[in-house]
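What follows is one structure encoded as structure tokens, with my remarks underneath.
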Ligand code: PEP
Ligand code: MN
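Residue numbers (my numbering): 37 to 399.
Printed below as a string of structure tokens:
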């Protein structure tokens with residue numbers, strides 16, 4: 037529990053009528069036309085509360101598109117004046133904050149790459165001392181709940197009590213269907229430490245592609261998160277950044293319409309434990325698949341070797357020995373004998389098949 041954090045409830049400063057907060061807009065501001073076209077289409081979505089746009093983009097390598105800078109804030113101001121949307125931009129240092137305030141941006145957010153650095157967060161917090169603006173804090177790229185909480189505490193200590201945490205997933209070294217692994221137990225842990233802190237989810241950066249956004253958005257609501265931030269663009273395929281994950285406003289409307297808002301209040305400790313266990317299972321499945329792939333790679337090598345040396349593929353004596361050996365290890369570890377036999381036979385069949393394919397290649 038973090039006794040230090042004092043947060044103003046979302047309902048006291050942003051009216052969503054008890055519904056989830058929805059933020060959308062392009063990953064990056066690219067041109068005045070792109071921003072206005074996207075905003076005009078988004079205006080038709082009644083669930084939408086805030087328009088976002090990245091003005092300065094944190095890029096891995098220099099020379100990649102690093103955002104349009106100050107001019108983008110003038111376009112964003114036009115969006116605000118025309119549509120009435122609240123606007124939000126990412127800030128990474130004091131100069132960004134200064135400009136965002138100058139152009140009347142309503143909400144700031146600190147990105148995942150900035151939150152990892154307490155010096156940067158502290159410097160932004162110091163600049164914001166005495167400034168009354170809401171701020172959203174993305175999770176740091178690495179799965180460290182204390183670092184995330186620490187950033188929120190720094191801002192809170194500077195007098196900012198309109199804070200929202202954004203869960204955008206975590207860097208994960210294993211292969212995963214996600215661009216950033218959701219690891220739901222971490223935002224749940226954050227909520228446990230700061231029960232009043234609203235947390236919204238950014239399915240775009242978790243998924244990295246359009247197809248998974250619906251299910252991650254639903255999952256966010258099922259876990260009682262307070263809203264969503266989803267990237268949109270009037271022409272996503274031609275977006276300058278994060279093109280694969282941006283969606284059209286029309287698609288966003290479809291996603292929002294399909295969401296089921298459940299009113300059941302779950303038990304946070306139960307959810308936390310469950311998500312922790314699920315993450316563990318996901319990790320193990322990933323390892324299992326990688327090990328299987330590695331096994332097949334070596335099987336192929338053996339196949340090549342047998343072919344070069346004119347040895348037959350199937351060697352029953354070795355296989356009988358393998359079965360015996362694996363069965364005794366597996367049953368010792370508590371695995372069911374019949375299940376294990378089935379599994380080993382399946383693996384064996386696939387291994388033989390691959391070696392036959394290798395032999396065929398050459399005949
Ligand atoms: C973004 O929202 O476009 C962004 C750069 O996000 P993150 O900091 O989560 O990578
Ligand atoms: Mn983006």
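No residue lacks a Cβ here, since even glycine has one placed at the ideal position from N, Cα and C.
Here the structure is a predicted model, which is why all the values come from computation and not from measurement.
Ends of the beta strand (DSSP E) at residue i?
i: residue 58; result: 57-61
i: residue 124; result: 122-126
i: residue 86; result: 86-88
i: residue 230; result: From DSSP, residue 230 is part of no beta strand (DSSP E); its letter is neither H nor E.
i: residue 203; result: 199-203
i: residue 211; result: No beta strand (DSSP E) contains residue 211, which DSSP labels as neither H nor E.
i: residue 404; result: Here the chain has residues from 37 to 399 only, and residue 404 is not among them.
Tell me, to the nearest whole angstrom, how far the beta carbon of residue i is from that of residue j; I am working on the premise that it is less than 8 angstroms.
i: residue 181; j: residue 137; result: Wrong, their Cβ atoms sit about 30 angstroms apart, outside the cutoff.
i: residue 191; j: residue 173; result: 7 angstroms
i: residue 65; j: residue 72; result: Their Cβ separation, rounded to whole angstroms, is 10 angstroms, which puts residue 65 and residue 72 out of contact at 8 angstroms.
i: residue 283; j: residue 268; result: 5 angstroms
i: residue 238; j: residue 215; result: Not really, about 11 angstroms apart at Cβ, beyond 8 angstroms.
i: residue 58; j: residue 264; result: 6 angstroms
Please state if the CB of residue j and the CB of residue i are separated by a distance shorter than 8 angstroms.
i: residue 281; j: residue 245; result: yes
i: residue 346; j: residue 63; result: no
i: residue 123; j: residue 115; result: yes
i: residue 222; j: residue 206; result: yes
i: residue 391; j: residue 335; result: yes
i: residue 125; j: residue 149; result: no
i: residue 16; j: residue 135; result: Not covered by the structure: residue 16. The range shown for the chain is 37 to 399.
i: residue 43; j: residue 85; result: no
i: residue 56; j: residue 259; result: no
i: residue 340; j: residue 383; result: no
i: residue 202; j: residue 236; result: yes
Look at the alpha carbon of residue i and the alpha carbon of residue j, and state the distance between them as a whole number of angstroms.
i: residue 323; j: residue 200; result: 35 angstroms
i: residue 311; j: residue 118; result: 43 angstroms
i: residue 87; j: residue 294; result: 21 angstroms
i: residue 261; j: residue 234; result: 7 angstroms
i: residue 128; j: residue 152; result: 11 angstroms
i: residue 143; j: residue 171; result: 6 angstroms
i: residue 241; j: residue 266; result: 8 angstroms
i: residue 162; j: residue 121; result: 28 angstroms
i: residue 365; j: residue 351; result: 22 angstroms
i: residue 197; j: residue 41; result: 8 angstroms
i: residue 275; j: residue 299; result: 37 angstroms
i: residue 160; j: residue 145; result: 11 angstroms
i: residue 228; j: residue 100; result: 39 angstroms
i: residue 103; j: residue 52; result: 30 angstroms
i: residue 304; j: residue 165; result: 33 angstroms
Could you pull the start and end residues of the alpha helix (DSSP H) that residue i belongs to?
i: residue 184; result: 181-193
i: residue 306; result: 304-344
i: residue 294; result: 285-294
i: residue 267; result: Not the alpha helix (DSSP H): residue 267 falls in the beta strand (DSSP E), residues 263-267.
Indicate, with yes or no, if ligand 2 has a heavy atom lying under 7 angstroms from the CB of residue i.
i: residue 277; result: yes
i: residue 90; result: yes
i: residue 402; result: Here the chain covers residues 37 to 399 and nothing more, so residue 402 does not appear.
Would the C-beta of residue i count as close to ligand 1, meaning under 7 angstroms from any of its heavy atoms?
i: residue 239; result: no
i: residue 94; result: yes
i: residue 63; result: yes
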